[in-house]
Ligand SMILES: Nc1nc2c(c(=O)[nH]1)N[C@H]1C(S)=C(S)[C@@H](COP(=O)(O)O)O[C@H]1N2
Ligand SMILES: [Mo]
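Take a look at the structure:
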């Protein structure tokens, strides 16, 4: 998502970031079906019409890729070289996962739920479909959606047409696109994307801790105008409204501070939170005086967690929520 799109409450679908491990599958929605099986009383096979006839629910949700900020770690881990653009907010519409699971009748042996997508590739030397698991408890969170619409239109191909999972508060990898199979398991899910990938490892041999909920973070919509190559922002002297968005998987945003020198911080103004699961707009009136600056913002969430100046390096380059630095040049007054 180009960062200037931070000005929208809801990101227009074409500006929302996209991440795909393999290829975007070509799906014939008329032939497509979702199966729900495993340790359930009834195996379900649902087509799109059947899913659309279930209770309908919409939610504005911020998704961020766990690799957002990866290219800013030093040394840079090899994978998708995101700077800061792997975030977006959409209104997702679908049916709560919980009601579909209830319809299948979860067995008392159930411990976790696996979600399989139609896309297939080779990862860790094994050919596999993209698949992620959630514990039963996380899967039963009432906000988890089986979504068939994004911003009021059928899902675009790149965002999971015809059906995807949306797990609010979690980094994007949990929200499986092109969903085709849900399997309730009587053991913890141990697939590649939970067991090997998306773990915060400090060394190659470290088994690591799973990367799950989004860490507190804020970003700034780039002020002024960019210089073509260095991307420095150019402003005229005077009062300028700095603005951006802040979010956290752990809870609401309670504070966003702004700095133009990296050491003194001032409180910004917070707009009302549009949705408990979406980012919050912040704004700050900055008096731009001629000179060069590095603007920064840092957010704090309801748990008291605050964005760090630098995040802890890890092998996969995940969860880099270090506060952003925006180089700006304010022209001398003439
Ligand atoms: N089937 C499938 N689902 C997937 C992925 C994928 O590669 N295949 N990528 C995941 C990752 S890592 C992210 S960050 C989000 C991105 O969702 P978006 O492209 O709609 O923004 O989708 C997740 N769901
Ligand atoms: Mo991701």
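In our numbering, the protein residues as written are 100 to 433.
Idealized CB from N, CA, C, for every residue including glycine.
Taking Cβ to Cβ, would you say residue i is nearer than 7 Å to residue j?
i: residue 288; j: residue 395; result: no
i: residue 331; j: residue 425; result: no
i: residue 374; j: residue 355; result: no
i: residue 438; j: residue 388; result: Coverage of the chain is limited to positions 100 through 433, which leaves residue 438 absent and any answer about it impossible.
i: residue 345; j: residue 365; result: no
i: residue 100; j: residue 376; result: no
i: residue 353; j: residue 399; result: yes
i: residue 163; j: residue 313; result: yes
i: residue 311; j: residue 269; result: yes
i: residue 343; j: residue 385; result: no
i: residue 208; j: residue 285; result: yes
i: residue 116; j: residue 190; result: no
i: residue 107; j: residue 229; result: no
i: residue 172; j: residue 348; result: no
i: residue 112; j: residue 249; result: yes
i: residue 135; j: residue 281; result: yes
i: residue 246; j: residue 193; result: yes
i: residue 110; j: residue 187; result: yes
i: residue 133; j: residue 145; result: yes
Enumerate in chain order the residues of its own chain whose CB-to-CB distance from residue i is below 7 Å, with the five nearest sequence positions on each side excluded.
i: residue 205; result: 139 and 283
i: residue 124; result: 217, 218 and 277
i: residue 170; result: 180, 181 and 182
i: residue 202; result: 143
i: residue 457; result: The first residue shown for the chain is 100 and the last is 433, placing residue 457 beyond what the model contains.
i: residue 102; result: 183, 184, 318, 320 and 321
i: residue 176; result: 169, 414, 415 and 416
i: residue 303; result: 414
i: residue 432; result: 336 and 389
Under 7 Å between C-beta atoms, does residue i make it to chain D?
i: residue 180; result: In summary, chain D is missing from the structure at hand, where a single protein chain is found.
According to DSSP, simplified to helix, strand and coil, what is residue i?
i: residue 158; result: strand
i: residue 104; result: helix
i: residue 151; result: helix
i: residue 193; result: strand
i: residue 169; result: helix
i: residue 133; result: strand
i: residue 183; result: coil
i: residue 341; result: strand
i: residue 114; result: helix
Between which residues of its own chain and residue i is the CB-CB distance below 8 Å, once the five residues before and five after are set aside?
i: residue 126; result: 217, 256, 260, 261 and 277
i: residue 351; result: 372, 375, 379, 400 and 401
i: residue 141; result: 202, 203 and 204
i: residue 297; result: 165, 270, 272, 309, 310, 415 and 417
With a CB to CB cut of under 6 Å and the five nearest residues on each side skipped, what residues in its chain are close to residue i?
i: residue 243; result: 196 and 266
i: residue 420; result: 314, 316, 406 and 410
i: residue 392; result: 359 and 427
i: residue 383; result: 341, 357 and 367
- Query: In chain order, which alpha helix (DSSP H) runs of at least 4 residues are fully inside the segment 280 to 330?
  - Reply: Those alpha helix (DSSP H) runs which fall completely within the segment 280 to 330 and span 4+ residues are 291 to 294.
- Which residue spans inside the segment 346 to 425 form an unbroken beta strand (DSSP E) run of at least 3? Taking only runs of at least 3 residues, the beta strand (DSSP E) segments lying wholly in the segment 346 to 425 are 352 to 358, 379 to 387 and 390 to 400.
- Could you say if the segment 398 to 407 and the segment 319 to 326 meet the contact criterion of at least three C-beta pairs nearer than 8 Å? no
- Task: State whether the segment 218 to 235 contacts the segment 147 to 157, with contact taken as three or more CB pairs (one from each stretch) at a distance under 8 Å.
- Result: Contact between the segment 218 to 235 and the segment 147 to 157 is absent, because fewer than three Cβ pairs lie under 8 Å.
- Residue ranges of each alpha helix (DSSP H) within the segment 198 to 271, 4 or longer: 235 to 238
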